[in-house]
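These protein sequences, in sequence, are chains A and B.
To get this note's numbering, take the position in the first sequence, counting from 1, and add 1076.
To get this note's numbering, take the position in the second sequence, counting from 1, and add 184.
All residues carry an ideal CB built from backbone N, CA and C; glycine is no exception.
Everything on this sheet refers to the single structure shown next.
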Amino acid sequence: MIQIENFHVQLDEFSLTDINLFIRENEFFILMGPTGAGKTVLLEAIAGLIPVKSGKILIGDTDVTKLPPERRGISIVYQDYALFPHFTVHENIIYGLHFHRVGKQEQKKRLQSLVNQLNLSHLLHRRPATLSGGELQRVSLARALIIEPRVLLLDEPLSALDPGFREEIRMHLKQLHISSGVTFIMVTHDFAEALSLAETAAVIHNGEIKQTGSINDIFEKPRSAFVADFVGIKNIFSVVYEKTAAVTGNIQIETGREWREKHGYIAIRPEDIVLSRSPFASSMRNSFRGKVESVSDRGFFYEVGVRVGKVFFTSLVTKKSLYELRVHEGTEVYIAFKATAIHSFS
Amino acid sequence: MNTRELFFWVMIFCAVIIMAFILLPMIQMMTAPSISMLNKTIRDKDVVRSIALSIYTSGCAALISFVLGTPLAYLLSRARFRGKGLIESIIDLPIVIPHPVVGIAILSVAGKNHWIGRIMAELGIRIMGSVTGIVTVLTFVGLPFYINAAKEGFQSVSPRLERVSRSLGASMIATFFRITFPLAGRSILVGGIMCLARAVSEFGAVVIIAYHPMIAPVMIYERFEAYGLTYSQPVAFWLVALCLALFFVLRMLILYGKNHA
């Protein structure tokens, strides 16, 4: 278990303010956020590599706030691997063992196990300069895990890799997390990585934690306009509530429940908005007539922008349905979405 | 590059002038003394003693620079603090002030008119006309070359490597000796050799502090003053041969390091 309480870090032009996080033992925790949000700074502060102005960090029951990095039992893996260039792969992996009291037998066992799991046996006598990105990251994982840390910090470990290697290292991360029983904290800005590896996450922006909880909650129930936008919800509207309706621009959106607040934000994921050429006959209570303003190719999907009065909606449709609907810029269409597809936050 | 451009020929012309400017006097001086003269000179005990003293005192200066300068160079490469630029300018000061001024400045602290000089006299440390004095002056002029090279070496070592080392259980000092120092090793070596080469060539500051015992540059000057060009050239030959050997070793080390990095 890692508990971070009221963490403040002050660097020259950047600060982390009031960081509170709770990460369970043996969890795979993801830290997401845009570039410059403070993700790396937070990792390095957790590792004790950057001085903390105030606040506390507990690992298990131990307060490690005042401990130097070498006594925290926290390993770190960087995006650029940070292998020691003057050592061989083998020397790199066993580096940490020099500073830990581990018996000869146990050392061998750990090395063997990591070398097998990460398929490094043929690389042991090579120098880092001669390895590929994927190989380098495998070595740096082995080096970090051989000391059996309580926590492993991963700073965008997949970002610098070619797609093929990325998939391979992602599989390794998943397996190592299970086999080692170590708590993993990983920084990423790739949602696919986040969703495939972790169950809990936090979104950080401008040095502040914007939301923390289960990954599904972050993607499906964002609690702020920033998080909604960050996780890719396109349709975010500032609304005024009137009984069960949310009013924005000149349209009334039925939310299906009463509101105590006067103002707020609502968001609808683009894939939850359906398009049709004729009025909807179904029970969907939110149906509007609008005009297609943009159609853009997003690979597997097409993003269709529809203007309803003053309000602009974005909808995701498959190539097939786009073809069947025969929509293009200027077409009149009907859009519809369920009240349950509406996410609200203040 | 277009060889029809006028600027191309301007560059070539300047390059030829500069090469000739450096090489002509050197070649002339090195080839002037006859073999028998060179032979005689190197058997001259005074000459051998002066060259040996030059190497010895310069070596001491490089060693002192290494011991005292390495921690400062590391500090300057890592820390950011107010007044850092000022400290860096102070370190460069010995490069820019005239050499005799260096000697006079050191004497004004180590002389009898200053309390430091009086304490040193009490302790039996003599600067004027002593090997200690020569080493002091050579360290003064050589230090900046060492510190700047070592600082650049440390800067080229990514702080991330040190961070990883710390997180793996190494203390700050273990990290320095296992990671930072070996990776900056080549720059440190280069810095030491540059400091050594600079110290060997010093004349102006030394002659103020210690005419005797005589280092090689002072002996060349004395032979020139007393007997003229023909008698100073052979000594100069042997000193330059030594400096060139140093320079050659330096280049070799850099090339070797590059091929093995």
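Point to revise | Own chain residues within Cβ distance below 7 Å of Y1157(A), not counting five before or after | key: Only residues of its own chain outside the window of five on either side were considered, and among them L1212, Q1213 and S1216 have a CB closer than 7 Å to the CB of Y1157(A), listed in chain order.
Point to revise | Burial state of N1082(A) (16 or more Cβ within 10 Å) | key: Exposed, since its Cβ has fewer than 16 Cβ neighbours within 10 Å.
Point to revise | Exposed unless 16 or more other CB atoms sit within 10 angstroms - verdict on V1258(A) | key: Answer is buried; the Cβ neighbour count reaches 16.
Point to revise | S273(B): first and last residue of the uninterrupted alpha helix (DSSP H) it sits in | key: First-last of the alpha helix (DSSP H) with S273(B): K268 to V280.
Exercise for review: Taking 8 Å as the cut-off, decide whether the C-beta atoms of R1353(A) and L1401(A) are in contact.
Suggested key: Yes, the Cβ-Cβ distance between R1353(A) and L1401(A) is below 8 Å.
Check your understanding: In terms of alpha-carbon separation, which member of A1236(A), D1238(A) and E1296(A) lies closest to T1416(A)?
Key -> Nearest of A1236(A), D1238(A) and E1296(A) to T1416(A), Cα basis: E1296(A).
**Study point:** Among S1314(A), E1224(A) and T1288(A), the one whose alpha carbon lies nearest that of R1148(A)
**Key:** Among S1314(A), E1224(A) and T1288(A), the Cα nearest to that of R1148(A) belongs to E1224(A).
Check your understanding: Listed in chain order, which residues of the stretch 326-353 of chain B have Cβ atoms closer than 8 Å to some Cβ of chain A?
Key -> Those would be S342, R344, L345, R347, V348, S349, R350, S351, L352 and G353, in chain order.
Point to revise | Proximal chain B residues relative to G1172(A), where beta-carbon distance stays under 7 Å | key: L352 and G353, listed in chain order.
**Study point:** Where the alpha helix (DSSP H) containing T316(B) begins and where it ends
**Key:** It spans V315 to Q339 - the alpha helix (DSSP H) in which T316(B) sits, taken as one unbroken run.
Exercise for review: Please report how far the alpha carbon of G1124(A) lies from the alpha carbon of R347(B), in whole angstroms.
Suggested key: Distance between the alpha carbons of G1124(A) and R347(B) is about 9 Å.
Practice item. Taking I363(B) as the query, report the chain A residues whose CB atoms sit under 7 Å from its CB, ordered along the chain. Key: Within 7 Å Cβ-Cβ: F1160.
Review point. So, does the CB of A257(B) fall closer than 8 Å to a CB anywhere in chain A?
Key: Answer no: the Cβ-Cβ gap between A257(B) and chain A never drops below 8 Å.
Review point. Does DSSP put R1374(A) in a helix, in a strand, or in coil?
Key: Strand, per DSSP.
Practice item. Using beta-carbon positions only, say whether E1330(A) and A1321(A) come within less than 8 Å of one another. Key: Contact annotation: E1330(A) and A1321(A) have beta-carbon atoms nearer than 8 Å.
Review point. Can you pull the DSSP bridge partners for N1082(A)?
Key: According to DSSP, N1082(A) bridges with nothing at all.
Practice item. Can you tell me which of the three DSSP states R1365(A) falls into? Key: Strand, per DSSP.
Practice item. Give a yes or no on contact between the stretch 285-297 of chain B and the stretch 386-395 of chain B, applying the rule of three or more CB pairs nearer than 8 Å. Key: Segments in contact, yes.
Review point. Would the C-beta of Y330(B) count as close to the ligand NAP, meaning under 7 Å from any of its heavy atoms?
Key: As for the ligand NAP, it is missing from this structure, which has no ligand bound.
Review point. Under three-state DSSP, which class holds L1173(A)?
Key: The three-state secondary structure of L1173(A), taken from DSSP, is helix.
Review point. What residues in its chain sit with their C-beta under 6 Å from that of A383(B), if we drop five residues either side in the sequence?
Key: Around A383(B): S242, A245, L322 and G326.
Practice item. Please go through the stretch 1214-1252 of chain A and give each complete alpha helix (DSSP H) segment of 4 or more residues, from N-terminal end onward. Key: Within the stretch 1214-1252 of chain A, there are no complete alpha helix (DSSP H) runs of at least 4 residues.
Review point. Can you pull the DSSP bridge partners for Y1410(A)?
Key: S1352(A) and R1365(A).
Point to revise | Neighbouring residues, chain B, relative to P1204(A) (Cβ below 8 Å) | key: By Cβ distance, chain B contributes nothing, its closest Cβ being about 11 Å from P1204(A), past 8 Å.
Practice item. Can you grab the Cα-Cα spacing for the pair T215(B) / S416(B), in whole Å? Key: Each residue's alpha carbon lies about 13 Å from the other.
Point to revise | Local conformation of D1094(A) per DSSP, three classes | key: Strand.
Check your understanding: With a Cβ-Cβ cutoff of 8 Å, do I363(B) and G253(B) count as a contact?
Key -> Contact check for I363(B) against G253(B) fails: the beta carbons are separated by 8 Å or more.
Exercise for review: With a threshold of 16 other CB atoms inside 10 Å of the CB of E1089(A), please say whether the residue is buried or exposed.
Suggested key: By the neighbour-count criterion, in which a residue is buried when 16 or more other Cβ atoms sit within 10 angstroms of its Cβ, E1089(A) is exposed.
Exercise for review: Note down, in chain order, every chain A residue with its Cβ under 9 Å from the Cβ of L367(B).
Suggested key: Per Cβ cutoff of 9 Å: F1160, P1161 and H1162.
Check your understanding: Given that a residue counts as buried once 16 or more other Cβ atoms are within 10 Å of its Cβ, and exposed if not, what is R440(B)?
Key -> The sequence shown places Tyr at residue 440(B), rather than the Arg named in the question. Exposure of Y440(B) is indicated by the presence of fewer than 16 other C-beta atoms within 10 angstroms of its C-beta.
Check your understanding: Between the C-alpha atoms of N1195(A) and L367(B), what's the straight-line distance to the nearest angstrom?
Key -> Answer to the nearest angstrom: the Cα atoms are 28 Å apart.
Practice item. Tell me, please, whether the CB atom of A263(B) is closer than 8 Å to any CB atom in chain A? Key: Answer no: the Cβ-Cβ gap between A263(B) and chain A never drops below 8 Å.
Review point. Comparing alpha-carbon positions, which option in K1414(A), I1095(A), V1307(A) and L1228(A) lies nearest L352(B)?
Key: Of K1414(A), I1095(A), V1307(A) and L1228(A), the residue nearest in Cα terms is L1228(A).
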